[in-house]
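Number of protein chains: 2
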Amino acid sequence: MRETAEARLIESAQELLWERGYAATSPKAIQRRAGAGQGSMYHHFPGKADLALAAMRRSAGQLRESADEVLSGPGDPYQRLCAYLRCQRDVLRGCRIGRMTADPEVMASPALREPVAATFAWLQGRLAEVIAQARDAGTLAADLDPAATAATIAAVVQGGYVLARAAGSEEPFEQATAGALALLAAARPQEPE
Amino acid sequence: MRETAEARLIESAQELLWERGYAATSPKAIQRRAGAGQGSMYHHFPGKADLALAAMRRSAGQLRESADEVLSGPGDPYQRLCAYLRCQRDVLRGCRIGRMTADPEVMASPALREPVAATFAWLQGRLAEVIAQARDAGTLAADLDPAATAATIAAVVQGGYVLARAAGSEEPFEQATAGALALLAAARPQEPE
DNA sequence: GTCTATATTTTGATAGAC
DNA sequence: GTCTATCAAAATATAGAC
Numbered sequence: 011m012r013e014t015a016e017a018r019l020i021e022s023a024q025e026l027l028w029e030r031g032y033a034a035t036s037p038k039a040i041q042r043r044a045g046a047g048q049g050s051m052y053h054h055f056p057g058k059a060d061l062a063l064a065a066m067r068r069s070a071g072q073l074r075e076s077a078d079e080v081l082s083g084p085g086d087p088y089q090r091l092c093a094y095l096r097c098q099r100d101v102l103r104g105c106r107i108g109r110m111t112a113d114p115e116v117m118a119s120p121a122l123r124e125p126v127a128a129t130f131a132w133l134q135g136r137l138a139e140v141i142a143q144a145r146d147a148g149t150l151a152a153d154l155d156p157a158a159t160a161a162t163i164a165a166v167v168q169g170g171y172v173l174a175r176a177a178g179s180e181e182p183f184e185q186a187t188a189g190a191l192a193l194l195a196a197a198r199p200q201e202p203e
Numbered sequence: 011m012r013e014t015a016e017a018r019l020i021e022s023a024q025e026l027l028w029e030r031g032y033a034a035t036s037p038k039a040i041q042r043r044a045g046a047g048q049g050s051m052y053h054h055f056p057g058k059a060d061l062a063l064a065a066m067r068r069s070a071g072q073l074r075e076s077a078d079e080v081l082s083g084p085g086d087p088y089q090r091l092c093a094y095l096r097c098q099r100d101v102l103r104g105c106r107i108g109r110m111t112a113d114p115e116v117m118a119s120p121a122l123r124e125p126v127a128a129t130f131a132w133l134q135g136r137l138a139e140v141i142a143q144a145r146d147a148g149t150l151a152a153d154l155d156p157a158a159t160a161a162t163i164a165a166v167v168q169g170g171y172v173l174a175r176a177a178g179s180e181e182p183f184e185q186a187t188a189g190a191l192a193l194l195a196a197a198r199p200q201e202p203e
């Protein structure tokens with residue numbers, strides 16, 4: 011095999027954590043998906059928590075990278091904000107990082123929680139920067155608080171996943187983001203005719 | 011004891027499902043909290059899934075009742091919408107129903123998913139009604155889609171929980187709801203001076 | 001580095017006495 | 001209705017051969 015067993019273990023853990031969360035993912039299931047035995051896994055990682063941490067850090071990095079691609083991409087700040095809300099997502103699978111907040115074992119472990127906290131702190135900060143730029147450029151109302159609006163946009167996406175998974179349909183997610191875009195459009199200084 | 015063992019089992023299951031989700035809640039933990047033995051639980055319920063379903067249905071009913079208290083309460087439709095976003099919540103514990111969407115065993119079981127789907131379908135419908143009333147009363151822009159805006163508001167609350175739990179602080183939730191209120195205010199036909 | 005065998009604990013449930 | 005065994009399977013490792 012081209013990839014090392016260690017890399018395959020991390021990738022398998024990423025997939026299973028996304029699909030089933032931490033508590034419901036057994037070391038055995040990770041090994042099976044990676045095509046590795048017990049001995050291999052415990053040689054590379056002290057235990058399940060350490061492997062999960064490596065997987066979560068990698069997922070967090072990938073999430074951050076793909077979000078920044080849009081938020082630092084082409085277009086003026088307002089357009090990049092809209093692009094973030096509109097960009098393609100695996101809606102029914104939900105957010106690889108956000109779903110960890112519902113896992114009791116992740117929430118109980120400061121080490122496992124850290125990448126989750128750091129990812130959302132970064133996302134809200136980056137969104138707030140783009141919102142402040144849009145406001146300074148006059149494409150968003152001057153009285154909008156960048157930090158609050160950033161939290162709203164991040165929450166719409168995370169909550170959209172919850173509604174979509176509850177319904178078993180992507181529709182609530184599409185509605186939630188479309189509704190947010192309409193509210194943002196209403197908050198532009200010069201309302202379009 | 012004043013309460014029956016059956017009622018105490020359901021209440022204990024409600025609490026544990028809220029704290030830890032379904033997969034991570036063992037029958038033994040429910041029994042311990044309810045002060046009931048194995049035999050008692052298996053006498054009243056065929057198994058864990060049936061007890062959890064009773065607990066989820068009860069939580070769903072309570073959630074619906076408290077949401078409707080605000081949405082059908084005093085004030086004009088726009089004020090009731092704001093009241094829904096502002097009302098007191100146990101932010102760091104999150105949503106008893108919404109958190110179930112992250113539980114792999116709940117999502118895999120149509121029976122366990124049903125109350126989750128029904129609760130959010132009801133909430134979005136009820137929010138859309140109030141939004142349509144606000145629009146008809148002229149207190150919200152006529153071009154806002156009630157269903158989309160309802161999904162946005164429900165998503166802000168659900169996503170707010172995710173951000174708050176990730177941060178270990180209520181602040182992101184307060185920011186997300188405050189940001190949503192500011193956007194709604196910007197979508198009023200006559201902007202306030 | 002990887003394998004197989006074994007150990008310990010927990011889970012979710014059953015059996016049968018009271 | 002409730003209790004106390006008891007049980008089979010799984011989770012999470014550890015031990016030691018190769």
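Residue numbers (my numbering), protein chains in the order written: chain P, 11 to 203; chain F, 11 to 203. The beta carbon of each residue, even a glycine, is placed where N, CA and C say it ideally should be.
Alpha carbons only, please: which of the options is nearest the one belonging to residue i?
{"i": "V140 of chain F", "options": "F:R109, F:G71, F:A157", "result": "F:A157"}
{"i": "R103 of chain P", "options": "P:E29, P:P182, P:E13", "result": "P:E29"}
{"i": "A195 of chain P", "options": "P:C92, P:A121, P:R175, P:K38", "result": "P:C92"}
{"i": "K58 of chain P", "options": "P:T35, P:E75, P:V166, P:F130", "result": "P:T35"}
{"i": "A147 of chain P", "options": "P:E75, P:R198, P:H53, P:T162", "result": "P:R198"}
{"i": "Q98 of chain P", "options": "P:I40, P:S76, P:M117", "result": "P:S76"}
{"i": "L173 of chain P", "options": "F:A174, F:A121, F:E181, F:M117", "result": "F:M117"}
{"i": "S129 of chain F", "options": "F:G31, F:L27, F:Q72, F:L26", "result": "In the sequence on display, residue 129 of chain F carries Thr and not Ser. The shortest C-alpha separation from T129 of chain F is found at F:Q72."}
{"i": "L27 of chain F", "options": "F:E13, F:E115, F:A127, F:E79", "result": "F:E115"}
{"i": "L95 of chain F", "options": "F:A176, F:D78, F:V166, F:L122", "result": "F:V166"}
{"i": "G31 of chain F", "options": "P:P182, P:E180, P:A131, P:D113", "result": "P:D113"}
{"i": "A131 of chain F", "options": "P:R74, P:P182, P:L193, P:Q41", "result": "P:P182"}
{"i": "E180 of chain P", "options": "P:Q41, P:D100, P:E79", "result": "P:D100"}
{"i": "A176 of chain F", "options": "P:A33, P:L193, P:S119", "result": "P:S119"}
Quick one: residues in its chain with C-beta nearer than 6 Å to the C-beta of residue i, no 5 flanking neighbours on either side, listed in chain order?
{"i": "S69 of chain F", "result": "Q24, R106"}
{"i": "A44 of chain P", "result": "R18, L19, S22"}
{"i": "F55 of chain F", "result": "L61"}
{"i": "Y171 of chain F", "result": "G104, C105"}
{"i": "S82 of chain F", "result": "none"}
{"i": "T149 of chain P", "result": "Y88"}
{"i": "P202 of chain P", "result": "In this prediction, P202 of chain P has a pLDDT of 49, which is less than 50 and means its spatial position is unreliable; nothing more can be read from the coordinates."}
{"i": "A15 of chain P", "result": "A46, S50"}
{"i": "I163 of chain P", "result": "L137"}
{"i": "E13 of chain P", "result": "none"}
For residue i, I'd like the list of residues in its chain whose CB is within less than 7 Å of its CB, leaving aside the five on either flank, ordered along the chain.
{"i": "P125 of chain F", "result": "M66, R67, A70"}
{"i": "A160 of chain F", "result": "Q134, L137, A138, I141"}
{"i": "Q143 of chain F", "result": "P87"}
{"i": "P37 of chain P", "result": "M51, K58"}
{"i": "A39 of chain F", "result": "L26"}
{"i": "R123 of chain P", "result": "V116, M117"}
{"i": "A33 of chain F", "result": "D113, P114, E115"}
For the alpha helix (DSSP H) that residue i lies in, which residues bound it at each end?
{"i": "S69 of chain P", "result": "58–81"}
{"i": "E139 of chain F", "result": "120–146"}
{"i": "F183 of chain P", "result": "181–196"}
{"i": "I107 of chain P", "result": "Careful: I107 of chain P lies outside any alpha helix (DSSP H) and carries neither H nor E."}
{"i": "Y52 of chain F", "result": "48–54"}
{"i": "R99 of chain P", "result": "Unbroken run through R99 of chain P: none, as it is neither H nor E."}
{"i": "T149 of chain F", "result": "That residue, T149 of chain F, is in no alpha helix (DSSP H); it is neither H nor E in DSSP."}
{"i": "P156 of chain F", "result": "156–177"}
{"i": "A23 of chain F", "result": "15–30"}
{"i": "A39 of chain F", "result": "37–44"}
Take residue i and list the residues in its own chain whose beta-carbon comes closer than 8 Å to its own, dropping the five residues that flank it on each side.
{"i": "G178 of chain F", "result": "L102"}
{"i": "R145 of chain F", "result": "A151, A152, L154, P156"}
{"i": "Q168 of chain P", "result": "C105, G108"}
{"i": "T111 of chain P", "result": "M117, V126"}
{"i": "A121 of chain P", "result": "A59, L63"}
{"i": "H53 of chain P", "result": "none"}
{"i": "A78 of chain F", "result": "Inspection of the sequence shows that residue 78 of chain F is occupied by Asp rather than by Ala. Result list for D78 of chain F: R136, in chain order."}
{"i": "R74 of chain P", "result": "T129, W132, L133"}
{"i": "V80 of chain P", "result": "R90, A93, Y94, C97"}
{"i": "L193 of chain F", "result": "none"}
Report yes or no: do the stretch 74–87 of chain P and the stretch 40–52 of chain P share at least 3 C-beta pairs separated by less than 8 Å? no
Tell me whether the stretch 186–193 of chain P and the stretch 173–187 of chain F touch, counting them as touching only if at least three CB pairs, one residue from each stretch, are closer than 8 Å. Verdict: no, contact absent.
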